[in-house]
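I have placed the structure first, in the form of C-alpha cells, so that the comments after it can refer back to it.
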Amino acid sequence: MQLFALGLNHHTAPVSIREQVAFQPERLVQALGDLVRAKPVKEAAIISTCNRTELYFATEEPQYAADWFAEYHRMALHDLAPYLYTFPQRDAVRHVFRVASGLDSMVIGEPQILGQVKDAVRQAEQAGTLGTTLHKLFQRTFSVAKEVRSTTAIGANTVSMAAAAVHLSERIFERVSEQRVLFVGAGEMIELCAAHFGGEQPKKMTIANRTPARAKALAERFSADVLRLDQVAESLAAYDIVVSCTGSPLPIIGLGMVERALKARRHRPMVMVDLAVPRDIEPEVAALGDVFLYTVDDLAKVVDSGLESRHAAVIEAEGIIDERVDGFLHWLDSRGTVPTIRALREHADHLRQAEVERAVRLLAKGEDPHKVIEALSHGLTNKLIHGPTRFLNDADGDCAELVRRLFNLHKDH
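Heads up: the sequence shown begins at 0 in numbering that gives the first Met the number 0, then just goes up one per residue.
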C-alpha cells in the first residue's frame with residue numbers, strides 16, 4: 000500500500016477544465032465515501048479549491064482513483080488525462096507540503112490554502128476515510144507549513160488576489176472612489192476583496208448573498224448595503240464593478256442579464272471579476288464590448304509580479320520541505336517493522352511468563368530462593384539466545400555481522 004496524489008491545478012489546467020472537476024463542498028463527504036467503497040482505495044482526502052482539485056489516497060494502484068475521478072465527474076479519462084498529474088509516494092508527500100506552505104499557489108505564499116487543506120482533512124475525518132497514514136501525513140503537513148511561514152519570508156510582499164482585483168479595476172476606472180461595487184457571495188475571498196475595495200472608499204458597496212444573515216454581517220463591517228441574490232438581475236445596471244465568488248455549480252450572472260444591464264447603463268463600461276470555480280459569470284459575457292471580464296487566471300498574471308522578490312524565501316522553504324519529506328518517509332518505512340517488533344516482544348514476554356511460572360512453583364515447594372532466581376535467569380537467557388544461536392550456526396559471515404549489530408556486540412567482548 001502506497002501514498003499517491005492525483006489531480007490538476009492552475010499550472011496544468013485552465014479554469015474551463017478546473018470548473019468541471021470541482022467538488023461541491025456539501026457533496027465532498029459523500030464523494031469520499033463513494034471513492035473508498037467503489038475502488039480498492041484504503042484512505043482518501045480531497046482538496047478542492049478554485050485553483051486545484053487533488054486526491055490524496057493510499058492504494059496499491061493509482062489507476063483506480065483516476066478512473067473514479069473521471070467517472071464521478073462524467074468525463075472520459077482520455078479527455079482529462081492531459082491535465083492530470085499523479086505523484087507516487089515521495090513526490091506526493093513533497094507536493095502536499097508545498098501546497099500547504101503556499102509554494103504551489105497562484106499567489107506564492109498566500110495563507111488561505113492552509114485553511115482549505117485543514118477543511119479537507121475535517122471532511123475526510125467526517126467521511127471516515129482518513130486512516131492512520133493520511134492522518135499522520137496531514138499533521139506533518141500542518142507542522143511543515145507553520146515552520147515555513149515562521150522561519151522564512153515566504154509571505155512577505157504577497158500581492159493577493161483581492162489586491163489584484165482592485166488593480167485591474169483601476170486599469171479601467173482611474174479612481175475606484177468614484178465607482179459603485181457589487182460583491183456577489185459572502186465567503187472569505189469576498190471578505191478580502193471587500194476589505195481591499197473598501198480601502199479605496201468607493202461611492203457604494205453592496206453585498207449580495209444567498210444567505211441574508213451572512214451578507215448582513217459582512218455588510219455591517221464595511222458599511223455596505225445588502226441585496227438578496229434574486230435581486231441581482233434587476234440591480235446590476237447600478238454597479239460599475241462586480242466581484243463574484245460563490246459556491247454555485249452553475250453561473251448566476253448570464254449573458255442576457257449583463258446585456259440588459261449594459262443597455263440600461265447606456266453602455267457605460269463595467270468591470271466584472273469572477274473569482275469562482277466553477278465560474279459565476281458566463282464566459283460569453285467577455286465578448287460584450289463594454290464589459291471587462293477577468294477570471295482567476297487573469298488575476299494570476301498580476302500577482303506573478305511579486306514572485307521575484309520572494310525568490311530567496313522560496314529556495315529556503317524548499318530546503319525545509321525536502322528535509323521534512325525525508326523525515327516523514329522514515330516514519331512511513333518504520334511502520335513496516337511494527338508487526339515484527341510486536342511479535343518479538345510478545346515472544347519474549349511468553350518466554351518470561353513461562354520461566355516466572357516455573358520459578359513460582361519451585362518457591363511454593365520450598366526450594367532455595369537464591370537457586371530458583373539463578374535457574375530463572377539461566378533459563379530465560381538460554382531461551383532468548385536459542386533462536387539467534389541456531390540462526391548463526393546455519394548462517395554465513397554476513398549474518399554474523401548482522402547479529403553483532405543487532406545485539407550491539409563489540410569485537411572485544
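Glycine included, each C-beta is placed from N, C-alpha and C at the ideal position. Note that the coordinates shown come from a computational prediction; the quantities given were computed from them, not determined experimentally.
Pick from the options that is closest to residue i, judged by C-alpha positions
i	options	result
Ser222	Thr210, Asp229, Ile206	Ile206
Glu190	Val242, Val402, Val175, Arg209	Val242
Leu181	Pro87, Val270, Phe137, Lys145	Val270
Gln88	Ser168, Phe327, Gly127	Phe327
Asp90	Arg357, Ala4, Lys135	Ala4
Val40	Ala311, His385, Trp67	Trp67
Gly186	Ala161, Glu199, Lys202	Ala161
Phe196	Asp239, His9, His377	Asp239
His349	Ser333, Glu373, Leu383	Leu383
Pro110	Thr388, Phe141, Val324, His134	Phe141
Leu54	Ser376, Leu83, Arg73	Leu83
Ala126	Ser159, Gln138, Gln29	Gln29
Leu51	Ala12, Ile314, Leu31	The amino acid at residue 51 is misidentified as Leu; the sequence shows Arg. Looking at the Cα atoms, Ala12 is the closest of the given residues.
Glu42	Arg36, Phe56, Gly32	Phe56
Arg357	Ala163, Leu408, Ser149, Leu375	Leu375
Glu25	Met188, Asp393, Gln122	Gln122
Leu379	Asp397, Glu400, Val355	Val355
Alpha carbon of residue i to alpha carbon of residue j, nearest angstrom
i	j	result
Ala214	Glu322	44 Å
Ser104	Val98	7 Å
Lys262	Ser234	13 Å
Val120	Ile252	32 Å
Ile248	Glu169	The identity of residue 248 in the sequence shown is Pro, whereas the question assumes Ile. Cα to Cα, Pro248 sits roughly 30 Å from Glu169.
Asp367	Arg351	20 Å
Ala144	Leu298	24 Å
Glu199	Lys117	32 Å
His385	Ala347	12 Å
Glu70	Cys49	21 Å
Glu124	Ala193	33 Å
Glu173	Ile46	38 Å
Cys244	Gly32	28 Å
Thr388	Arg334	28 Å
Glu416	Ser159	Because the chain here runs from 0 to 412, residue 416 falls outside it and cannot be looked at.
Ala218	Gly114	23 Å
Anticipated Cβ contact below 8 Å, residue i with residue j, distance rounded
i	j	result
Leu7	Val92	About 19 Å; that fails the 8 Å criterion.
Val231	Val183	6 Å
Val95	Leu34	That belief does not hold up - the Cβ atoms of Val95 and Leu34 are roughly 17 Å apart, past 8 Å.
Cys319	Val147	Inspection of the sequence shows that residue 319 is occupied by Ile rather than by Cys. With 8 Å as the limit, Ile319 and Val147 qualify as a contact, their Cβ atoms being about 6 Å apart.
His166	Val301	6 Å
His9	Asp303	So it is not a contact: roughly 11 Å between Cβ atoms.
Sequence-distant residues of the same chain with beta carbon closer than 7 Å to residue i, five excluded per side
i	result
Ala237	Arg179
Asn208	Gly184, Ala185, Ala214, Leu228
His412	Any reading at His412 needs caution, since the residue's pLDDT is 49, under 50, leaving its predicted position unreliable; the model's value is listed next. Correct list: empty, nothing qualifies.
Met256	Ala232, Leu235
Pro268	Ile171, Asp289, Phe291
Val324	Arg89, Val92, Arg93, Phe96
Ala316	Ser100, Leu102, Val147, Thr151, Ile153
Close Cβ partners of residue i (< 6 Å) along its chain, the five nearest in sequence each way excluded
i	result
Thr85	Leu5, Pro61
Val260	The residue asked about is misnamed: residue 260 is Ala in this sequence, not Val. Correct list, in chain order: Leu235, Ala236.
Val272	Ala164, Val242, Tyr293
Chain-order list of residues whose beta-carbon lies under 8 Å from that of residue i (same chain, five-residue window excluded)
i	result
His266	Gly288, Asp289
Lys38	Thr58, Tyr63, Ala64, Asp66, Trp67
Ser176	Glu199, Gln200, Pro201, Lys202
Gln23	Gly246, Pro248
Arg404	none
Ala75	Ala69
Practice task
Taking 8 Å as the threshold, find out whether the region 6-21 comes into contact with the region 276-287 through three or more Cβ pairs.
Solution key: The region 6-21 is in contact with the region 276-287.
Problem - Validate contact between the region 63-79 and the region 126-139 using beta carbons, cut 8 Å, 3 pairs - result: No, because fewer than three Cβ pairs between the region 63-79 and the region 126-139 fall closer than 8 Å, the two stretches do not touch.
Problem - the region 366-380 touching the region 337-346, judged by at least three CB pairs closer than 8 Å - result: Contact between the region 366-380 and the region 337-346 is absent, with fewer than three C-beta pairs closer than 8 Å.
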